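In what follows, a single structure is set out as structure tokens and then discussed.
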Amino acid sequence: MNANFSESVILITSADPERIADRDRGTGFVIHQDQQTTYLLTCAHVVEAIGGSEKVKVGGHPATVKALGNTLGCDLAVLAVKKHLSGLPPLRLGVVGNKGRQFLTAGFYTDATKVAKLAEIKGKLGGKQRIDSIEGDRTQAWNLLIDDDSEHDLKAGYSGSPVVDLESGYVLGVVSQRIDNGKGVAISIEAIQNIWHSMPYDLLKTDNVISEPRVDYTRLREFLAARKWKQADQETEMLILQLAGQTGNLLNVKSIEKLPCSDLRTIDQLWIKFSEGRFGFSVQKQIWERFGNNTNTEYQLYCQFGNHVGWRKHGRWLWYNQMTFDLCAPNGHLPQWGLEAVLLGKTMQWKWNEFQMSQGLGEPVFSKFFDQVHTCNL
1 MNANFSESVI
11 LITSADPERI
21 ADRDRGTGFV
31 IHQDQQTTYL
41 LTCAHVVEAI
51 GGSEKVKVGG
61 HPATVKALGN
71 TLGCDLAVLA
81 VKKHLSGLPP
91 LRLGVVGNKG
101 RQFLTAGFYT
111 DATKVAKLAE
121 IKGKLGGKQR
131 IDSIEGDRTQ
141 AWNLLIDDDS
151 EHDLKAGYSG
161 SPVVDLESGY
171 VLGVVSQRID
181 NGKGVAISIE
191 AIQNIWHSMP
201 YDLLKTDNVI
211 SEPRVDYTRL
221 REFLAARKWK
231 QADQETEMLI
241 LQLAGQTGNL
251 LNVKSIEKLP
261 CSDLRTIDQL
271 WIKFSEGRFG
281 FSVQKQIWER
291 FGNNTNTEYQ
301 LYCQFGNHVG
311 WRKHGRWLWY
321 NQMTFDLCAP
331 NGHLPQWGLE
341 AVLLGKTMQW
351 KWNEFQMSQG
361 LGEPVFSKFF
371 DQVHTCNL
């Protein structure tokens, strides 16, 4: 682990000079940089507490909010400073950790002098819990148990602090709540994917990440960058079948389970990035899950999904040449062949499989596909 991880931790304050109380500040940390911009992660409730998205300052620099979660659910926010902040190396993010693993965190607090001070805290991970918002979002979180011999405990101002796994050095969560008796709650780091759809696809390490890609994404990236949506959709179909080892065949439940999370994430993040968050498997998953709570059968859910993403109008399914290959299409409209064609086929094959599905026959391939997307934390 980087022994100086606290160098990447920075104070979040308000641009409003009247907001100077302890509750009007928080902590953030650097997660990514390019030549012109520094990206940081903090809590959504920190942004709210300092006066909202227009009032955010990071280490004295004005910042914009790139992505904002739910203060009562996915309590995360991604900030951007239009400057390469030197001396603040990005921390590595990873879906790691188990109950009992040791962690370090560092955040800002104020004492009687009203000066913000940075202090580290040691502890152990408790179990995981799930936070459900009233909007239906589900967010994984860690219980934090602060060591008895730790010199400091969680205070106001620690919200947004990184929770760093001592063994691997990866940030596994973000401090969100402090609880009495030396306890706290941290939003699990994979939740960042639920709010920052255009994040770099290699920003988050998971257990499924591999060192070399199984397929070549060059053509997909080029098609998407050029906004050639139809060609990108057809390339996605080919890549999915190749990843599942089903070239020339349709996906079934068993082959869907074999789709590697790292590759699904790469495909999804490319779509998300170049479509400005409108297209991609993660967008489609959210729509599918939204209807799933109120629908009895796979076919009914498929129809409602099709109505919403624009594959079906006035009770009739559209053919491929009737799709809208443009950003004006409904959210989740694409990939189309990259999803529907790999599960049900095309033209006459699709027509037969759609009929079978309407009769309650065949495997629930759409539900299984989106289950895999969910399992991969897309």
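Start counting the sequence shown at 1; every next residue gets the next number (the UniProt record's numbering). From the three backbone atoms N, C-alpha and C, an ideal C-beta is built for every residue, glycine too. Small disclaimer: the values here were computed from a predicted structure and weren't measured.
Residue from the options with nearest C-alpha to residue i
i	options	result
G95	V164, G306, G160	In the sequence as displayed, the identity of residue 95 is Val instead of Gly. That would be V164, whose Cα lies nearest to the Cα of V95.
G182	L154, S168, P162	L154
F117	D371, L243, I272, T27	Sequence check: residue 117 is Lys here, not Phe. Of D371, L243, I272, T27, the residue nearest in Cα terms is T27.
S161	K254, K128, S6, E257	S6
L327	C376, G100, F279, Q129	F279
H308	C74, L334, E167	L334
S367	Y302, A225, G51	Y302
V175	K258, G87, E222, I121	I121
S198	G87, M357, L68, I146	L68
G100	G136, L145, T110, A49	L145
G87	S14, V9, E54	V9
residue 408	N321, W196, E48, E167	What the structure shows of the chain is the stretch from 1 to 378, and residue 408 is not part of that stretch, so it cannot be assessed.
K114	F29, R19, I134, G126	R19
Q269	V365, A186, Y217	Y217
Q341	V185, F325, V365	The sequence shown places Ala at residue 341, not Gln. Cα-wise, what sits closest to A341 is V365.
P243	P260, A232, D233, K228	Rather than Pro, the amino acid found at residue 243 in this sequence is Leu. Looking at the Cα atoms, P260 is the closest of the given residues.
M323	N293, F108, D233	D233
D34	I267, K82, L343, L339	K82
E135	E276, L378, N293	N293
G277	L378, D148, D149, L361	L378
L40	V78, N4, P17	V78
G360	T297, M348, P200	T297
S159	W352, I50, R227	I50
G107	D149, D180, E190, F29	F29
R130	G245, E190, E167	E190
L166	H374, N4, M348	N4
Identity of the residues DSSP links to residue i by a beta bridge
i	result
L145	K124, K183
I10	G28
Y170	DSSP output for Y170 lists no bridge partner at all.
Y158	Paired residues: none, contrary to the question.
G94	K205
L104	K122, V164
R178	G184
D132	R138
V81	T38
K117	Y109
Cβ-Cβ distance between residue i and residue j below 7 angstroms
i	j	result
I31	P89	no
S188	G173	yes
L93	L204	yes
L250	G345	yes
I192	L76	yes
V253	E363	yes
V215	L239	yes
T37	I12	no
S262	Y299	no
W337	E237	yes
K57	A15	yes
F325	K230	yes
D137	N70	yes
G310	P330	yes
V171	Q177	no
H152	A119	yes
Supposed contact pair residue j and residue i - C-beta distance, whole angstroms, cut 8 angstroms
i	j	result
A80	T64	5 angstroms
I287	G332	5 angstroms
R25	G157	6 angstroms
L224	F281	Wrong, their Cβ atoms sit about 14 angstroms apart, outside the cutoff.
I256	Q372	5 angstroms
N194	C376	Wrong, their Cβ atoms sit about 12 angstroms apart, outside the cutoff.
Q102	K128	At roughly 16 angstroms, the Cβ-Cβ gap does not stay under 8 angstroms, so Q102 and K128 are not in contact.
F369	E289	The pair is not a contact, with the Cβ atoms about 12 angstroms apart (cut-off 8 angstroms).
V46	S53	About 11 angstroms separates the two Cβ atoms, so there is no contact after all.
G306	W317	7 angstroms
N98	G126	Wrong, their Cβ atoms sit about 11 angstroms apart, outside the cutoff.
Q284	L339	7 angstroms
Runs of alpha helix (DSSP H) lying entirely within the region 23–78, each at least 4 residues, in chain order: 44–49
Whole alpha helix (DSSP H) elements within the UniProt domain "GUN4-like" (212–338), 4-residue minimum: Those alpha helix (DSSP H) runs which fall completely within the UniProt domain "GUN4-like" (212–338) and span 4+ residues are 218–225, 229–243, 253–257, 261–274, 281–292, 298–309.
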